[in-house]
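Heads up: the sequence lines are chains A and B, in that order.
The opening residue of the first sequence carries number 465 in the working numbering; numbering runs sequentially from there.
The opening residue of the second sequence carries number 404 in the working numbering; numbering runs sequentially from there.
Down below is the structure, laid out as structure tokens.
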Amino acid sequence: VTVFDTGSQSVNLLKFKNGLKTKPNISSRMGEDEITCTYLGYLHEDGTFEPIALLYCIGDSDSEGTGGGGGYGSGPMGGGGTTTIVSKPSEELKNKSIAAKNLLDNSIVKSQKQLLTATVSTDANEKGFSFGKDSNGNYKTTDIRIGANGSSVGILATSPGITLMGGGHTHTKEVYNAPSPGDIYAFNTANGANSSFEYYYTFAADGTAYMFTIRDLAKFNTFVTTYSMAANFDPVTQNWKEGSGIMSDFETVKTTFLNQGKSEDEAFDNATAFVISKYDMGIAMSKQDANGDFKPLFVKETKDATDPTKNNYEVTPDCNL
Amino acid sequence: MKIYIKLIVLSIFFFTVQIKAQSVTDTLQYLKNNFELKKSNYIGKPFSVLLTDLRIQPTQSWHITPFRKKNSVISTHFYFLKKGFTYNPSTIVLSIYWQEEIPRAAVEVYEKKNGYLFTSDERAFYGNKIAKDIKVYR
Numbered sequence: 465v466t467v468f469d470t471g472s473q474s475v476n477l478l479k480f481k482n483g484l485k486t487k488p489n490i491s492s493r494m495g496e497d498e499i500t501c502t503y504l505g506y507l508h509e510d511g512t513f514e515p516i517a518l519l520y521c522i523g524d525s526d527s528e529g530t531g532g533g534g535g536y537g538s539g540p541m542g543g544g545g546t547t548t549i550v551s552k553p554s555e556e557l558k559n560k561s562i563a564a565k566n567l568l569d570n571s572i573v574k575s576q577k578q579l580l581t582a583t584v585s586t587d588a589n590e591k592g593f594s595f596g597k598d599s600n601g602n603y604k605t606t607d608i609r610i611g612a613n614g615s616s617v618g619i620l621a622t623s624p625g626i627t628l629m630g631g632g633h634t635h636t637k638e639v640y641n642a643p644s645p646g647d648i649y650a651f652n653t654a655n656g657a658n659s660s661f662e663y664y665y666t667f668a669a670d671g672t673a674y675m676f677t678i679r680d681l682a683k684f685n686t687f688v689t690t691y692s693m694a695a696n697f698d699p700v701t702q703n704w705k706e707g708s709g710i711m712s713d714f715e716t717v718k719t720t721f722l723n724q725g726k727s728e729d730e731a732f733d734n735a736t737a738f739v740i741s742k743y744d745m746g747i748a749m750s751k752q753d754a755n756g757d758f759k760p761l762f763v764k765e766t767k768d769a770t771d772p773t774k775n776n777y778e779v780t781p782d783c784n785l
Numbered sequence: 404m405k406i407y408i409k410l411i412v413l414s415i416f417f418f419t420v421q422i423k424a425q426s427v428t429d430t431l432q433y434l435k436n437n438f439e440l441k442k443s444n445y446i447g448k449p450f451s452v453l454l455t456d457l458r459i460q461p462t463q464s465w466h467i468t469p470f471r472k473k474n475s476v477i478s479t480h481f482y483f484l485k486k487g488f489t490y491n492p493s494t495i496v497l498s499i500y501w502q503e504e505i506p507r508a509a510v511e512v513y514e515k516k517n518g519y520l521f522t523s524d525e526r527a528f529y530g531n532k533i534a535k536d537i538k539v540y541r
């Protein structure tokens, strides 16, 4: 149960396991996807509220809302209280990251992915394929498609006899590792054509792998409407359009990390993660680690302590979507 | 006599301050009016021609590569930032597109040496490159 204490502006996760109550630290974004729940619990003299049972919730959230057991006893003051449960996008992303890994580990998908990336370090053209399930629930993949003349390859969102769940494509050594702005729009188009298409992988020439997943479809659709591809994407550079707000923010973060001595690819990774968060795109970008796990990438913006006209940027494990 | 001298000195001081203030606040307009709108004077010519005509000099230069061609510099962004400042969304950009793509490795030699500052190295390096297009924006 996640309890949002409006008084102390804190969020705690209360778990009851084997009769013991634990309070692990979590991070969560307040003010989004909130539901209000009424609890029975103790109101201590110092103003803190200790819930002992969930009575009911009002609102809309997919966070867990099960209450703990009852209990009447020796608390300082018995009573009720209203708290707000906040959904945990970091938890949702964690689950989707696990699902993304499991999908790639499926033997049918894995074998096609291995074929796709076998020569990625030297390929001149991008390659891509999609995967899903047939009517019997068996995993299937599409054939591998190959782009032409160094241009991007289109990823199929629908295929006869298969309900496609996702797709992956390569980035050749001439292309930056990170998914491009064009990939963000392509993912939205794919999901628009087939709502089951929820995982979008990018396999870079140096072996780095990325995964886009949808965090909030409404926000994803709002983003591509508000920041249309025509107005914000440069087909020549295949990047955000020069002079656009997104490009300015992208460049700000990119130059910050380059100034810190990071590689161009790492600076692009971080800049992409930052604009995804800043423009509330409704998606998340994860990067595969050495264990094959996809870890969401977040970049935090903070005011400089000594000069408030400057912002600082750092990679953070805390979800800021 | 002393009063006259003081007045003259003060007038020169205020005049200088005014000109300086104007050149700072009007950097965007200055660059737009004199280089973007008059780009035909500079396109097809070495970048040194434009640098010579610039009344204010860039302080930083950053290469730009297309997303799908990361080893080829197609343009360079010149910034007029004060010392210690880095690019931010309000930075004025003089964007020069090059007639011929420049290998990224060649640019990075100077960027690594000088930390993206626009020094005599960059002036010499970019000076003989031919401009294809000029954009100015904030």
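C-beta atoms are modelled at their ideal positions from N, C-alpha and C, and glycine is treated no differently.
It should be emphasised that the depicted structure is a prediction, and the values quoted were computed from it without experimental measurement.
| query | result |
| --- | --- |
| Cβ closer than 8 Å: which chain B residues qualify as neighbours of A:Val617? | Residues of chain B passing the Cβ test: none, with the nearest at roughly 12 Å. |
| Pull up the distance between the alpha-carbon of B:Pro506 and that of B:Ile477, whole angstroms please. | 9 Å |
| Spell out whether any CB of chain A is found under 8 Å from the CB atom of B:Tyr513. | no |
| What does a CB cutoff of less than 8 Å around A:Leu567 pick up in its chain, not counting 5 residues either side in sequence? | Val573, Phe595, Met629, Gly630 and Tyr663 |
| Exposed or buried, what is A:Gly495 when buried is set at 16 or more other beta-carbons lying within 10 Å of its beta-carbon? | Interpretation of A:Gly495 is limited by its pLDDT of 35, a score under 50 that renders its predicted location unreliable; the figure taken from the coordinates is listed afterwards. Its Cβ having fewer than 16 others within 10 Å, A:Gly495 is exposed. |
| Using CA coordinates, which residue listed in A:Phe697, A:Asn559, A:Tyr691 and A:Thr622 is at the minimum distance from A:Ile742? | The sequence shown places Lys at residue 742 of chain A, rather than the Ile named in the question. The shortest C-alpha separation from A:Lys742 is found at A:Tyr691. |
| Report the neighbours of B:Ser498 on chain A: residues whose CB is nearer than 9 Å to its CB, in chain order. | Glu706 and Gly707 |
| Between A:Gly707 and B:Tyr490, how many whole angstroms is the CB-CB distance? I'm expecting something under 8 Å. | Going by Cβ atoms, the distance from A:Gly707 to B:Tyr490 rounds to 13 Å, so no, they are not a contact pair. |
| Using the C-alpha atoms, what's the distance from B:Leu484 back to B:Ser451? | 20 Å |
| Does the separation of the CB atoms of B:His480 and B:Val510 fall below 8 Å? | no |
| Would you call the CB atoms of B:Ile537 and B:Ile459 closer than 8 Å? | no |
| Return no unless some Cβ of chain A is closer than 8 Å to the Cβ of B:Phe483. | no |
| Just grab the DSSP bridge partners of A:Val763 for me. | A:Val779 |
| Closer than 8 Å, CB to CB, is B:Phe438 near chain A or not? | no |
| Between which two residues does the beta strand (DSSP E) harbouring B:Lys538 extend? | Ala534 to Tyr540 |
| A:Phe713 touches chain B at which residues, Cβ-Cβ below 8 Å? | Sequence check: residue 713 of chain A is Asp here, not Phe. Within chain B, the residues near A:Asp713 are Pro492. |
| Among A:Asp647, A:Pro624, A:Thr766 and A:Ser599, whose alpha-carbon lies nearest the alpha-carbon of A:Ser615? | A:Asp647 |
| For the ligand SAM, any of its heavy atoms closer than 7 Å to the Cβ of A:Thr581? | What this structure holds is no ligand at all, so the ligand SAM is not there to describe. |
| Would you mind listing the alpha helix (DSSP H) stretches within the region 660 to 739 of chain A that are 4+ residues and don't spill past its ends, in chain order? | 681 to 690, 693 to 696 and 709 to 723 |
| Does any CB atom of chain B fall closer than 8 Å to the CB of A:Asn854? | Absent from the model: residue 854 of chain A. The displayed extent of chain A is 465 to 785, so no value can be given. |
| With 8 Å as the threshold, decide whether the Cβ of A:Ser741 is near any Cβ in chain B. | no |
| If you draw a straight line from the alpha carbon of A:Lys705 to that of B:Gln502, how long is it in whole angstroms? | 20 Å |
| Is any beta-carbon of chain A found at less than 8 Å from that of B:Phe521? | no |
| Comparing alpha-carbon positions, which option in A:Ala737, A:Thr770 and A:Phe762 lies nearest A:Cys783? | A:Phe762 |
| Along the region 456 to 475 of chain B, where does the CB come closer than 7 Å to a CB of chain A? Name the residues. | Trp465, Pro469, Phe470, Arg471, Lys472, Lys473 and Asn474 |
| How many whole angstroms separate the CB atoms of B:Pro449 and B:Asn531, which I take to be in contact at a CB cut-off of 8 Å? | 5 Å |
| According to DSSP, is B:Thr430 part of a helix, a strand, or is it coil? | helix |
| I'd like to know whether the C-beta atoms of A:Tyr649 and A:Val688 end up nearer to each other than 8 Å. | yes |
| Check this for me: beta carbons of A:Pro643 and A:Tyr674, under 8 Å apart or not? | yes |
| Please list the partners that A:Thr716 has in chain B, where partner means a Cβ-to-Cβ separation under 7 Å. | Tyr490, Asn491 and Pro492 |
| Please tell me whether A:Arg679 and A:Ala735 are closer than 8 Å, where the distance is taken between their beta carbons. | no |
| Between the region 524 to 540 of chain B and chain A, which residues of the former have a C-beta closer than 7 Å to a C-beta of the latter? | Lys538 and Tyr540 |
| Give me the chain D residues within the contact set of A:Glu728, using Cβ-Cβ distance strictly less than 7 Å, ordered along the chain. | In the structure shown, chain D cannot be found, because the protein chains are A and B. |
| Measure from the alpha carbon of B:Gln432 to the alpha carbon of each residue in B:Leu457, B:Asn444 and B:Ser443, then state which is nearest. | B:Leu457 |
| Pick out whichever of B:Leu497, B:Tyr513 and B:Glu504 has its Cα sitting closest to the Cα of B:Glu439. | B:Leu497 |
| How about A:Asn703: is its C-beta nearer than 8 Å to some C-beta of chain B? | yes |
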